[in-house]
Amino acid sequence: MKRDVSLILGSGGARGMAHIGVIRWLEDHGYTIRDIAGSSIGAVVGGIYAAGKLQEFEQWVRGISRVDIVSYLDVAWGGGGLVKGEKIINTLTALVGDRRIEDLPIRFTAVGTTLDRHEDFHFRSGRLFDAIRASMSMPLLFKPFVLDGVTYIDGAVLNPLPLNAVTRTSQNVAVAVYCGGAPVNPDARETALDEGGPTATFMPAMLQDAQQRIRHFLKRIAPAEAQGSTQERAMYDVALQSLEAMQHSIARREIERTPPDVLLEIPRNICRTLEYDKASEVIAAGYANAEAALSKFDR
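Residues -19 to 279 (the numbering used here) are what the sequence shown spells out, left to right.
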């Protein structure tokens, strides 16, 4: 039986904490991860695991509160995004260390999207957290990341589930974790995901929680939203759901074209994009999902 794994970790914001649960199941059941490719949050979790620091990261993220989430959103004054992203990257670098991809004990690839060339880019060398910052540059939230004169946005824009970024051999089992799976109890989706609005987006929640912290900034760029305008919320809803729909279509096409040996699907309504305070339950869901799918594969 094949016990070496090529692991593909998809995008999905806080839903990507399920990746931790999947990795824990693989470790508990004697699998060895030889190769990891990740897009967006998949690059964060995959890169930190490849660096040997997943336990530290897991302890940290399990302790995050909603107030902590807001504290990591360092407001950007212009530049194509609400958040600079420096604070979270500096925090993760302090946790993991300033590592280089080519020095990691596990082969690792982070996927980003070049804004000018409209191509997905595979980071296989260089500073780990440069690659991660490029891969996690979610449009509307994070400022694009510029590295060596090239501007990068979220890898999920063109490659939300980077099946083409791992080495596929007869000796490795390719396990892909897709965080856009069918919703659990879809009839209750609105209630479960967005208590304060019609759909599951991060923007209303972020603005509600961070209102006092970034009040002047919001008045400058979006005064109606700062006052709780449903019209502005709907605008962000449409933009983000459109992006999610595009990513879902791309991922499904890639799954059909290059199917993994095992596909784990995390329900897309398990949490909202920035609900990292639900990390513990999402990690548990990832472990349970792996148990259900990979136990069948074992048999």
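Where is the CB? At the ideal position from N, CA and C, for every residue including glycine.
Predicted, not measured: the structure shown is a model, and the values here were computed from it.
Between the CA atoms of Ala225 and Thr94 - distance to the nearest angstrom
Position 114 of the sequence shown holds residue 94. Position 245 of the sequence shown holds residue 225. Taking the straight line from one Cα to the other gives about 20 Å.
Since Asp241 and Val157 are thought to touch, with beta carbons under 8 Å apart, how far apart are those beta carbons, to the nearest angstrom?
Counting from 1 along the sequence shown, the entry for residue 241 is found at position 261. Counting from 1 along the sequence shown, the entry for residue 157 is found at position 177. Contact flag wrong, Cβ pair sits at about 13 Å.
Is the separation between the beta-carbon of Leu72 and that of Gly26 shorter than 9 Å?
Locating residue 72 in the sequence shown gives position 92, where the first residue counts as 1. Locating residue 26 in the sequence shown gives position 46, where the first residue counts as 1. Their beta carbons are not under 9 Å apart, which means Leu72 does not touch Gly26 by this criterion.
Tell me which residues share the same chain as Arg79 and place their Cβ nearer than 6 Å to its Cβ, disregarding the 5 neighbours each side in the sequence.
On the sequence shown, position 99 is the one that residue 79 refers to. So the qualifying residues of the chain are Ala31 and Leu108.
Where do the N-terminal and C-terminal ends of the alpha helix (DSSP H) with Tyr132 fall, by residue?
Locating residue 132 in the sequence shown gives position 152, where the first residue counts as 1. Here Tyr132 belongs to no alpha helix (DSSP H); instead the beta strand (DSSP E) covers Val130 to Ile133.
Measuring CB to CB, does Ile3 end up less than 9 Å from Val76?
Position 23 of the sequence shown holds residue 3. Position 96 of the sequence shown holds residue 76. In this structure, Val76 does not lie closer than 9 Å to Ile3 by Cβ.
Assuming Gly1 and Ile263 form a contact by the criterion Cβ under 8 Å, report the distance between their Cβ atoms to the nearest whole angstrom.
The sequence position of residue 1 within the sequence shown is 21, counting from 1. The sequence position of residue 263 within the sequence shown is 283, counting from 1. Confirmed, Cβ separation roughly 4 Å.
Can you tell me the Cα-Cα spacing of Asn249 and Pro163, whole angstroms?
To locate residue 249, count along the sequence shown from 1; it is residue 269. To locate residue 163, count along the sequence shown from 1; it is residue 183. Those two C-alpha atoms are separated by around 5 Å.
Between which two residues does the alpha helix (DSSP H) carrying Leu120 extend?
Here residue 120 corresponds to residue number 140 of the sequence shown, with the count starting at 1. It is not in any alpha helix (DSSP H) - Leu120 instead sits in the beta strand (DSSP E) that spans Leu120 to Phe122.
Option in Ser222, Pro142 and Glu245 with minimal Cα separation from Met(-3)
Locating residue -3 in the sequence shown gives position 17, where the first residue counts as 1. Of the listed residues, the one whose Cα sits closest to Met(-3) is Glu245.
Which runs of the alpha helix (DSSP H) fall wholly inside the stretch 35 to 104 and span at least 4 residues, in chain order?
46 to 51 and 66 to 76
Using a Cβ-Cβ cut-off of 7 Å (strictly less than) and excluding sequence neighbours within five positions of Glu255, which residues of its own chain qualify?
In the sequence shown, counting from the first residue as 1, residue 255 sits at position 275. Counting only Cβ-Cβ distances below 7 Å, and skipping sequence neighbours, we find Ala(-6).
Spell out the partners DSSP gives Pro281 in its beta bridges.
Outside the shown range of the chain (-19 to 279) lies residue 281, about which nothing can therefore be said.
6 Å Cβ shell around Glu170 - same chain, five flanking residues per side excluded
Walking along the sequence shown from the start, residue 170 turns up at place 190. Any reading at Glu170 is ruled out, since the residue's pLDDT is 39, under 50, leaving its predicted position unreliable.
Exposed unless 16 or more other CB atoms sit within 10 angstroms - verdict on Phe277
Translated into positions along the sequence shown, residue 277 becomes position 297. Exposed, since its Cβ has fewer than 16 Cβ neighbours within 10 Å.
Roughly how many angstroms lie between the CA atoms of Val91 and Gln35, to the nearest whole one?
By 1-based counting over the sequence shown, the position of residue 91 is 111. By 1-based counting over the sequence shown, the position of residue 35 is 55. Their Cα atoms are separated by approximately 23 Å.
Within the same chain, show all residues whose beta-carbon is closer than 7 Å to that of Lys67, passing over the 5 residues directly before and after it, in chain order.
Indexing the sequence shown from 1 puts residue 67 at position 87. Around Lys67: Tyr52 and Asp54.
Considering only their Cβ atoms, is the gap separating Ala136 from Phe88 smaller than 9 Å?
Within the sequence shown, numbered from 1, the residue matching residue 88 stands at position 108. Within the sequence shown, numbered from 1, the residue matching residue 136 stands at position 156. It is not a contact, given that the beta carbons lie outside the stated cut-off.
Taking the alpha helix (DSSP H) that Asp(-16) falls in, what are its first and last residues?
In the sequence shown, counting from the first residue as 1, residue -16 sits at position 4. Per DSSP, Asp(-16) belongs to no alpha helix (DSSP H); it is in the beta strand (DSSP E), Asp(-16) to Leu(-11).
Residue of Ala273, Asp110 and Glu99 minimising C-alpha distance to Leu243:
Here residue 243 is taken as the residue at index 263 of the sequence shown, counted from 1. The candidate whose alpha carbon is nearest that of Leu243 is Ala273.
Can Trp5 and Ala259 be called in contact, C-beta distance under 9 Å?
Along the sequence shown, read from residue 1 onward, the residue named residue 5 stands at position 25. Along the sequence shown, read from residue 1 onward, the residue named residue 259 stands at position 279. No, these two residues do not count as a Cβ contact at 9 Å.
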